[in-house]
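Novice: Before I ask anything, let me first share the structure, which is written out below as structure tokens.
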Amino acid sequence: MKMKKFINDPADLTKELLQGYALAAADCIDLVAENMVVSKTLADADRVTIVAFGGTGHEPAVSGFVGDGMLDIAVAGDIFAAPNPQIVFEAVKLADKGHGVLLLVLNHAGDMLTGSMTMKLCQKAGLNVKKVVTQEDISNATRENGDDRRGLGGAVPLYHIAAAAAKAGKSLEEVSGLAQKYADSMATIAVAARCATHPANGAPFGDLGDEDMEIGMGQHGEGGGGRQPMKTAKETIEIMANALVKDIPLVKGDKVFVMINGSGATTLMEQFILLNDCVAYLEGLGMEVVANMAGNILTVQEQAGFQLNMAKWDDEILAYWNTPAKTFAFNK
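710 is the number of the first residue of the sequence shown in my numbering; add one for each residue after it.
As structure tokens, this is what we get:
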């Protein structure tokens, strides 16, 4: 099937989407170099600063979360590809305001390589940098083997929690410690009803047919082992939420954060129904849902489905969450 997308030369996808984003988010960010998105608040920052990176094609993540109370800089790679470590190193140097820099990395092979090489460059240059990796996908590894878990949309609320702590004047050790605590307290599971395609060539990442879904499928079509006939929103939530409750684990009386992340082709109608079902399910277990997100947060082109993210919260995290923030894709 011929690809139908409103693009120009596929070779220019990343450059042109970032140029357009810089126009759309001109009140929040500046586009530095060709692929470095910088918050307008960075110039006056007198605190720990935060840098993240990732491939394009997942919009609004990662660059859509640069701004006041979120990321200070995001470095964009090509479609579904991590950026060059040298560019991320330059971003860390630009971000450093004398209080240290937190580097946030999602656990995917290319991102992990870039993160490791960037840290080596930073150490050689004598920069004060801490790295925290998010790895919350329960589908491909147990919690005991957490280093093998993929990083998914759960990184986005973490951006705000860490940024709020930095804005409150916390040290780099305190901010990175809170970010690690948050990363350890969350879990995500995804489901796909239709696979994504690569926007440069239209190649599909898989085929789920007309009647099946797959619980556990990764962002780029990685198999999750949970292929089964399509189910209702409530039935799907019960399967996925139950798995997260067991993994974190959550018990009666816990404060819980819930995020429904649309994968790219799931309507807001569906997302709101799913959120409603999830909150009802958790409240039925005696848990308190203290905050939530729903929307297209970290997407994969035409993939239909969603990521369900949950985290166990305490009063400190909730207080940081309730601080103001403003980016193109996140406004509190």
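A virtual CB, placed ideally from N, CA and C, is assigned to each residue, including glycine.
Consult DSSP for Phe-1015 and reduce its assignment to one of helix, strand or coil.
Specialist: Taking the sequence shown and counting its residues from 1, one reaches residue 1015 at position 306. Three-state DSSP puts Phe-1015 in a strand.
Novice: From Ser-972 to Val-801, what does the alpha carbon distance come to, in whole angstroms?
Specialist: On the sequence shown, position 263 is the one that residue 972 refers to. On the sequence shown, position 92 is the one that residue 801 refers to. When rounded, the distance between both Cα atoms is 29 Å.
Novice: Is the distance from the Cβ of Leu-994 to the Cβ of Lys-961 below 9 Å?
Specialist: As a working mapping, residue 994 is identified with position 285 in the sequence shown. As a working mapping, residue 961 is identified with position 252 in the sequence shown. Yes, the pair counts as a contact, with Cβ atoms nearer than the cut-off.
Novice: DSSP state of Thr-1008, grouped into three classes?
Specialist: Against the sequence shown, residue 1008 aligns to sequence position 299. In this structure, Thr-1008 counts as coil in the three-state DSSP scheme.
Novice: Quick one: what does DSSP say Thr-975 is sitting in, helix, strand or coil?
Specialist: Translated into positions along the sequence shown, residue 975 becomes position 266. Reduced to three states, the DSSP call for Thr-975 is coil.
Novice: Which one or two residues does DSSP pair with Asp-921 in a beta bridge?
Specialist: Taking the sequence shown and counting its residues from 1, the one referred to as residue 921 is at position 212. In DSSP, Asp-921 forms a bridge with Pro-938.
Novice: Spatial neighbours of Thr-906 within its chain, please: CB distance less than 8 Å, with the 5 preceding and 5 following residues excluded, ordered by chain position.
Specialist: Walking along the sequence shown from the start, residue 906 turns up at place 197. The answer, listed in chain order, is Met-712, Ala-912, Pro-913, Phe-914, Gln-1010, Glu-1011.
Novice: Which value, in whole angstroms, describes the spacing of the CA atoms of Pro-938 and Met-922?
Specialist: One-based indexing of the sequence shown puts residue 938 at position 229. One-based indexing of the sequence shown puts residue 922 at position 213. So the alpha carbons of these two residues sit roughly 6 Å apart.
Novice: Taking the alpha carbon of Ala-892 as the reference point, which residue from Lys-749, Ile-1026, Ala-720 has its own alpha carbon closest?
Specialist: On the sequence shown, residue 892 is found 183 positions in, with the first residue counted as 1. Comparing Cα-Cα distances from Ala-892 to each of Lys-749, Ile-1026, Ala-720, the minimum goes to Ile-1026.
Novice: The beta strand (DSSP E) that contains Ile-759, what's its start and end?
Specialist: Locating residue 759 in the sequence shown gives position 50, where the first residue counts as 1. Here the beta strand (DSSP E) through Ile-759 covers 758-765.
Novice: Taking the alpha-carbon of Leu-780 as reference, which of Leu-813, His-767, Gly-766, Ala-791 has the nearest alpha-carbon?
Specialist: Here residue 780 refers to the residue found at position 71 of the sequence shown. When only C-alpha atoms are compared, the closest one is Leu-813.
Novice: Can you give me the Cβ contacts of Gly-773 inside the same chain, cut-off strictly under 7 Å, excluding the 5 residues immediately before and after it?
Specialist: For this step, residue 773 is matched to residue 64 along the sequence shown. Excluding residues within five positions, the ones whose Cβ falls inside 7 Å are Thr-1036, Phe-1037, Ala-1038.
Novice: DSSP beta-bridge partners for Thr-906?
Specialist: Position 197 of the sequence shown, counted from the start, is the residue given in the question as residue 906. Bridge partners of Thr-906: Pro-913.
Novice: Would you call Lys-839 buried or exposed, if buried means 16 or more other Cβ atoms sit within 10 Å of its Cβ?
Specialist: One-based indexing of the sequence shown puts residue 839 at position 130. Buried, by the Cβ-count rule.
Novice: Do you know how far the Cα of Met-949 is from the Cα of Ala-873?
Specialist: If you number the sequence shown from 1, residue 873 lands on position 164. If you number the sequence shown from 1, residue 949 lands on position 240. Approximately 30 Å between the Cα atoms of the pair.
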